[in-house]
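First up is the structure itself, then whatever we jot down about it.
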Amino acid sequence: VAEFDERSAGTTCVLYARGDIDMDSADEFRDRLLTCLDQFELVEVDMGEVSFIDSSGLGALVRLRTEAATRSKDATLRNLSPATEKLLALSGLRGLFTIAND
Amino acid sequence: MDETSAPTSLAHVATFSGTESLDAADALERGRTKRASRPALLAICIVGLILTAIGTWGAARTDQNTEQRLLEERTRQAAAVLSSAITNIQQPMSAALDVQASVRPSERKAAFGTRFARNVGTDKLFVSASLWQPTTNGYRQLSALGATTGLNADASQMQQFLQRARTSKTSVVTRVSVGGQTRIGYALADPETGFVVYAERAIASNRRAPVDQNSAYAGLEYAIYLGPTTSTSAMTTTDVDPADLPLRGDTFRATVPFGDTELTLVTRQRGHLGSTLSRSLPWVVAVGGALLTLLVAAAARQMLRSRDRAESDTDTITTLYQKVDTLYGEQRDLSESLQRALLPRVIPDLPGVEIAAEYVAGAKGIDIGGDWYSVIGTGEDTFAFVIGDVSGHGIDAVAEMARARFTVRAYLVDGITPADALEKCSRQFDIATDGHIVTVIAGVGNRSTGEITLANAGHPQPLLVATDGTSRYINTPVGAPLGAGVGGYEATTFTIDRGSALLTYTDGLVERRGEDIGTGLDRLKRAVQFASTLAADESDRDLDRFITSVLDTMRDEERADDIAVLAIRRTQG
Numbered sequence: 095v096a097e098f099d100e101r102s103a104g105t106t107c108v109l110y111a112r113g114d115i116d117m118d119s120a121d122e123f124r125d126r127l128l129t130c131l132d133q134f135e136l137v138e139v140d141m142g143e144v145s146f147i148d149s150s151g152l153g154a155l156v157r158l159r160t161e162a163a164t165r166s167k168d169a170t171l172r173n174l175s176p177a178t179e180k181l182l183a184l185s186g187l188r189g190l191f192t193i194a195n196d
Numbered sequence: 406m407d408e409t410s411a412p413t414s415l416a417h418v419a420t421f422s423g424t425e426s427l428d429a430a431d432a433l434e435r436g437r438t439k440r441a442s443r444p445a446l447l448a449i450c451i452v453g454l455i456l457t458a459i460g461t462w463g464a465a466r467t468d469q470n471t472e473q474r475l476l477e478e479r480t481r482q483a484a485a486v487l488s489s490a491i492t493n494i495q496q497p498m499s500a501a502l503d504v505q506a507s508v509r510p511s512e513r514k515a516a517f518g519t520r521f522a523r524n525v526g527t528d529k530l531f532v533s534a535s536l537w538q539p540t541t542n543g544y545r546q547l548s549a550l551g552a553t554t555g556l557n558a559d560a561s562q563m564q565q566f567l568q569r570a571r572t573s574k575t576s577v578v579t580r581v582s583v584g585g586q587t588r589i590g591y592a593l594a595d596p597e598t599g600f601v602v603y604a605e606r607a608i609a610s611n612r613r614a615p616v617d618q619n620s621a622y623a624g625l626e627y628a629i630y631l632g633p634t635t636s637t638s639a640m641t642t643t644d645v646d647p648a649d650l651p652l653r654g655d656t657f658r659a660t661v662p663f664g665d666t667e668l669t670l671v672t673r674q675r676g677h678l679g680s681t682l683s684r685s686l687p688w689v690v691a692v693g694g695a696l697l698t699l700l701v702a703a704a705a706r707q708m709l710r711s712r713d714r715a716e717s718d719t720d721t722i723t724t725l726y727q728k729v730d731t732l733y734g735e736q737r738d739l740s741e742s743l744q745r746a747l748l749p750r751v752i753p754d755l756p757g758v759e760i761a762a763e764y765v766a767g768a769k770g771i772d773i774g775g776d777w778y779s780v781i782g783t784g785e786d787t788f789a790f791v792i793g794d795v796s797g798h799g800i801d802a803v804a805e806m807a808r809a810r811f812t813v814r815a816y817l818v819d820g821i822t823p824a825d826a827l828e829k830c831s832r833q834f835d836i837a838t839d840g841h842i843v844t845v846i847a848g849v850g851n852r853s854t855g856e857i858t859l860a861n862a863g864h865p866q867p868l869l870v871a872t873d874g875t876s877r878y879i880n881t882p883v884g885a886p887l888g889a890g891v892g893g894y895e896a897t898t899f900t901i902d903r904g905s906a907l908l909t910y911t912d913g914l915v916e917r918r919g920e921d922i923g924t925g926l927d928r929l930k931r932a933v934q935f936a937s938t939l940a941a942d943e944s945d946r947d948l949d950r951f952i953t954s955v956l957d958t959m960r961d962e963e964r965a966d967d968i969a970v971l972a973i974r975r976t977q978g
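Going line by line, the protein sequences match chains A and B. The opening position of the first sequence corresponds to residue 95 in my numbering, with each subsequent residue numbered one higher. The opening position of the second sequence corresponds to residue 406 in my numbering, with each subsequent residue numbered one higher.
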């Protein structure tokens, strides 16, 4: 079960993701990310409370990244857990994202 | 159905037919409710109406009994009043006789006149009165007051009547007709002196007597007859039209001694004697009972309907659940069939290498994943292999998998290197349009030399398993998955020793919820070690059983993802 919260300031939208991002919640995750991207220049995804992410969830992040590039906008990830960061690396996606930590 | 809007997903079809069957079940249940409720409702109505009828009859009967009793009481009261009236009539006559017994003969006439005159005249007790003295040849009228004595018109009749009084211990009574008028004649004799007082009392010409509302006769219709019979000629007084006599229906009869005869009092209630409640009770019971029956029937109908509805809802829901289960099962079976149809049915027989592969659908959920593997012989000594995973699940993931599978395969068959093949593929896949990312390991091998070259697009690292069961992950440079829009794949080349195996797999094998991926990768190494040890103990070198053993060890009942495993082993010697 995943939960998503948005907070925005100026041209930046921060999407806080919580819980398990799997095939049940990946579609919502993707839709929330793309909605943020529609309205803001920069989308930051706070992954601090993500306990699990599978390839569907990674797909949503990839989609955000490619859409942002297409629209000349930006998307970053922050507060990745070591497990998530490792998964990103193992999936060849580490280099795709700008990763920030608080 | 319109092709353009036709729902292709089986889930949608399930919803559609579910709604349809719900409506049908609803209609069916409405019919069943009617059939089931009818006898019960009819029984309730019948019982209710029978009870109402019994109650009404009882109330009416009680009222009738009350009326009868009241009529009897009233009639007795009326008879008592009548009796006292008779006493009032007899008393002056008796007093007059007493006077005669005590006065001198010369004063008899005067004494009668003075004592009795006040009782005689129009609107008085009597219209006519006379005193008679017995003589040797009949009675001689000594004194007369008021109107002419009616009965004396026939002297012999008069004499007989007086004689009757003389022999009677009480007064005697007779009807006297004077012209159109009826009178009652009374005679009372003194047994000592033999004197007889005769008096006539007038009855209204129509014989009707209005009744005071407060009198004993209030509420009664009555007729008084002289003598025991109720013949018209005997009737003396009534408060109804004499033409309506005798009284019919519920009547009551009382007799009052009257001289040597009697008065017969026949009564009938004029209206209702008892309380209003007593009279209206039968109606109250009847209407109330009918209403109550209706209410109970309505309530029962409602309850029966609710019960039937509840039963029908339960049935419908159960049916729908079963239907949904069936459809989910069908969908799952269909997806899995499609998945398996896209996997190689026969692994090519390549001398010098053993190949084993397994596909396991997710343990939970109905969706099928997009995992696949391919092994292709490409030349005399060369072969190509692919393992891949399309993110997401369902029919479209399987379709995407098919596209990826055949695209990668086509490049490899054409002799394009794994890195170039992935590079070319990466330009053909885009998550924005496909909705999926695809992780792939594409490799080519030489079965004579054991040299393997592979490239990795975001896929878990392959495991190289030695004969003794020790293993190491091949640290390939990992490029982005297909669909991420970036290329740049680097090839890795290494050699497999004889007896060693290259184990490739999809993430479903090693990923567990709430666990670092590293933990899963270590578990796989231990599982491989265990399977190798087991194989050595049993001298069983079968590669299929090896990967089955690995899968058994790695089994996760909570696993939602599917798994594909492809093992390639270089044969000994």
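Even glycine gets a Cβ: it sits at the ideal position worked out from N, Cα and C. If you're wondering where the values come from, they're calculated on a predicted model, not measured in any experiment.
Below-8 Å beta-carbon distance, residue i vs any chain B residue
i, result
"A:D114", "yes"
"A:E161", "yes"
"A:R126", "no"
"A:F146", "yes"
"A:L190", "yes"
"A:K213", "No answer is possible for residue 213 of chain A: the residues shown for chain A start at 95 and end at 196."
"A:R157", "yes"
"A:S102", "no"
"A:G142", "no"
"A:A177", "yes"
"A:L187", "yes"
Beta-carbon gap between residue i and residue j smaller than 8 Å
i, j, result
"A:T178", "A:M117", "no"
"B:M806", "B:G775", "yes"
"B:A592", "B:L567", "yes"
"A:T105", "A:L131", "no"
"B:F517", "B:A604", "no"
"B:Y878", "B:I968", "no"
"B:G925", "B:Q977", "no"
"B:T598", "B:A506", "yes"
"B:T783", "B:P823", "no"
"B:S853", "B:G757", "yes"
"B:A702", "B:C450", "yes"
Minimum Cβ-Cβ distance from residue i to chain A less than 8 Å
i, result
"B:S414", "Confidence in B:S414 is poor, its pLDDT being 38 and thus under 50, which makes the residue's placement too unreliable to answer from."
"B:R918", "yes"
"B:V970", "no"
"B:P865", "yes"
"B:V891", "yes"
"B:T844", "yes"
"B:T923", "One detail in the question is off: residue 923 of chain B reads as Gly in this sequence, not Thr. By this cut-off, B:G923 is an interface position."
"B:I781", "no"
"B:G884", "yes"
"B:S831", "no"
"B:I800", "no"
"B:A430", "For B:A430, the predicted model reports a pLDDT of 48, less than 50, meaning its position is unreliable; a value from the coordinates is still stated below. Answer no: the Cβ-Cβ gap between B:A430 and chain A never drops below 8 Å."
Nearest-angstrom Cβ-Cβ length linking residue i and residue j, presumed shorter than 8 Å
i, j, result
"B:A847", "B:A826", "5 Å"
"B:A534", "B:G551", "6 Å"
"B:L556", "B:V578", "The pair is not a contact, with the Cβ atoms about 11 Å apart (cut-off 8 Å)."
"B:T641", "B:I589", "7 Å"
"A:R172", "A:E143", "The Cβ separation is near 12 Å, so there is no contact."
"B:G888", "B:D835", "6 Å"
Unbroken beta strand (DSSP E) run spanning residue i, endpoints
i, result
"A:D168", "D168 to R172"
"B:F899", "A896 to T900"
"B:L755", "No beta strand (DSSP E) holds B:L755; DSSP gives it neither H nor E."
"A:T192", "T192 to A194"
"A:E138", "L136 to I147"
"B:I781", "G774 to G782"
For residue i, the first and last residue of its enclosing alpha helix (DSSP H)
i, result
"B:A802", "I800 to V818"
"B:F951", "L948 to M959"
"B:P823", "P823 to S831"
"A:P176", "P176 to L184"
"B:R1041", "A question about residue 1041 of chain B goes unanswered here, because the residues of chain B that appear run from 406 up to 978."
Every unbroken alpha helix (DSSP H) inside the region 511 to 537 of chain B [4 residues or more]:
Here the runs fully enclosed are 513 to 521.
Identify every run of the beta strand (DSSP E) within the region 666 to 743 of chain B, keeping only runs that are complete inside it and at least 3 residues long; order them along the chain.
Counting only runs of 3 or more, we get 666 to 674.
Can you list, in chain order, the stretches of the alpha helix (DSSP H) that have 4 or more residues and sit fully within the region 536 to 615 of chain B?
Within the region 536 to 615 of chain B, the complete alpha helix (DSSP H) runs of at least 4 residues are 560 to 572.
Length-filtered (3 minimum) beta strand (DSSP E) runs lying within the region 850 to 933 of chain B:
Listed in chain order, they are 856 to 862, 868 to 870, 876 to 878, 896 to 900 and 906 to 910.
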